[in-house]
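Working notes, structure below.
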Amino acid sequence: MKYVIGVDLGTSAVKCLLVNQRGEVVRTVSKSLRTIREHSGWSEQDPEEWVRQTLAGLAELRASAEVKAEEIEGISFSGQMHGLVLLDEDHGVLRNAILWNDTRTAEECRDIEEAVGKQRLLAIAKNAALEGFTLPKILWVRKHQPEVYDRAAVFLLPKDYLRYRLTGRVEAEISDASGTLMLDVSRKQWSREILEELDLNPEICPPLTESGAQTGTLLPEKARATGLSPDIRVFAGGADNACGAIGAGVLREGQTMGSIGTSGVILSPQDRLESTPQGEVHGFNHARPGVFYFMGVTLAAGDSLAWAKRFLGPNQHYSDFLSPLEEISPGSGGVLFSPYLSGERTPHADADIRGGWIGLDASHTSKHLIRSVVEGITFSLNESVELFRRKGKNIDRMVAIGGGARNHAWLQIQADVFNTEMVTLTNEQGPGMGAAMLAAVGTGWFDSLEECTQSFVKTGKTFQPDPKRVSVYRELFGIYQDIYKQTRGLSRRLKGFRQQ
Ligand SMILES: Nc1ncnc2c1ncn2[C@@H]1O[C@H](COP(=O)(O)OP(=O)(O)O)[C@@H](O)[C@H]1O
Ligand SMILES: O=C(CO)[C@@H](O)[C@H](O)COP(=O)(O)O
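As structure tokens, then:
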């Protein structure tokens, strides 16, 4: 039997999957990652920890599976998007990586809009200037840490850095590069225009590579450290959401994926990419060549649930913690939760908004709070679903992936709130599966991702919307939508009191 490995560098963990030629996941190893939050709105990780945990994960994967090193033919990567890793001339890391959910760069976003122009930015980069993207992070470092910036020779995105450390090759993969705000997304080239307007040296941008391209083999010392063959072929990989979509078989216009991981994502492929007038949804290059996708993001989706679990059920497994989903009725007894723990992206690109519960009374228990958190996360994602529908997309079937797809009661809530059929996968492994599929196609097992999908992607249970609950949720969603409008001013007034 032959095998490939998919590595997903997520936010909470790096996950390594060993997949055989039938698309069966033979082994998985997950190694947790620490996020550093020094100030409110900041979010960083240590790139060295990514490398250490990945090497440990790969070594464990190799040791626990009864396969010969030479049977593993390829490896590829998926990664959390947008994060900034700055390297010096010798490719040493200059500071902690600034992550996708770090919102310190509101000022730099306004600087970008002023220098490039909002409409021109949308025309080239297909996205509005948002705090999470890479370009404003580079400008923040230039402004606030000039001594670091002056030594910066090149930047890399998280999984591209990880791949560099395993292969020695410095390259930026296209689907991830489209999340930097520096790529001319249609042309698949770094945008000289954007870089020039912001007075950035184009050399800071690494050479580009396609998602399915081979980017070398493992460095001998990394092969020794992991027990893998130094001849294993390494393929570039993709942004985690692009890889999540590949793993879910979401490759074509007309299909939709709903992912609830640390963040929450609604993603739908596009043959052509016209930006929305104000960039309300993101537009990126898919890891399938020639295809793009629209995407809406809830910054703290699973993250909100994980936060609530820390004090409402720290020692419980998620299956027990989420038992109130079976016991409490839709609407959580009149309690609504807004999941703006890290600010928000879609549809309110607002770094200052903060979340909360509304409607509490003395009869409520922790069960109501837990259900309301799940409903609030789902309402927030429904804002993206509604935006897509307003853009003319027909969403009557959605493939569910990520941690949020592991709970049947939550999947039913998603079907009822989104008013769409929710489909699960029998071998759901998140973006790591998409990375493994890029390696499977790269090694020549299949002629195309479509062919690989037919053999690897297996759908499981489906959840149908219930018309009664759909109508209850429609009414609640209207109230939920008002929370943003009614609390925006309050969040701004509270800003000065946040932990700085
Ligand atoms: N069994 C479960 N049921 C429902 N939600 C879960 C479950 N396990 C994890 N989650 C949620 O999924 C999130 C992690 O999602 P995952 O896709 O594994 O991670 P990441 O975003 O880091 O790639 C957690 O924060 C949690 O909110
Ligand atoms: O910022 C985005 C997408 O624009 C996030 O989706 C990140 O890509 C992180 O993903 P997870 O760790 O939640 O998988």
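Numbering (full-length UniProt numbering), first residue to last: 1 to 500. Quick reminder that beta carbons are idealized off the backbone N, C-alpha and C, glycines included.
If contacts are defined as beta-carbon pairs under 8 Å, then residue 242 and residue 286 qualify, I think. What distance do you get, rounded to the angstrom? 5 Å
Need the endpoints of the alpha helix (DSSP H) that residue 467 sits in, please. 467–494
By alpha-carbon positions, which one of 71, 18, 53 ends up nearest to residue 1? 71
As an exercise, report each continuous alpha helix (DSSP H) stretch of at least 4 residues that is fully enclosed by the segment 187–227, in chain order. 192–197, 220–226
So, are the CB atoms of residue 255 and residue 269 less than 8 Å apart? yes
From this set, 172, 180, 337, 250, which residue's C-alpha is nearest residue 476's C-alpha? 337
Measuring CA to CA, which of 94, 35, 25 is closest to residue 147? 94
Grouping DSSP H, G and I as helix and E and B as strand, with all else coil, what is residue 82? coil
Is residue 373 helix, strand or coil when you go by DSSP? helix
Put residue 266 into one of helix, strand or coil per three-state DSSP. strand
For the pair the segment 183–192 and the segment 230–239, tell me if three or more CB-CB distances fall below 8 Å. no
Out of 314, 362, 355, 421, which has the shortest C-alpha to C-alpha gap to residue 334? 362
Between which two residues does the alpha helix (DSSP H) harbouring residue 442 extend? 431–442
I want to know whether the segment 417–424 touches the segment 435–446 - three or more CB-CB distances under 8 Å. no
Exposure label - residue 467; buried when at least 16 CB within 10 Å: exposed
Looking at ligand 1, does it come within less than 7 Å of residue 28, judged from the CB to the closest heavy atom? no
Bridge partner(s) assigned by DSSP for residue 8: 15, 78
Return the CA-CA distance between residue 172 and residue 87, expressed in angstroms with no decimal places. 13 Å
What three-state label does DSSP hand residue 288 in the structure shown? coil
Would you say the segment 245–255 touches the segment 397–406, given that touching needs at least three Cβ pairs under 8 Å? yes
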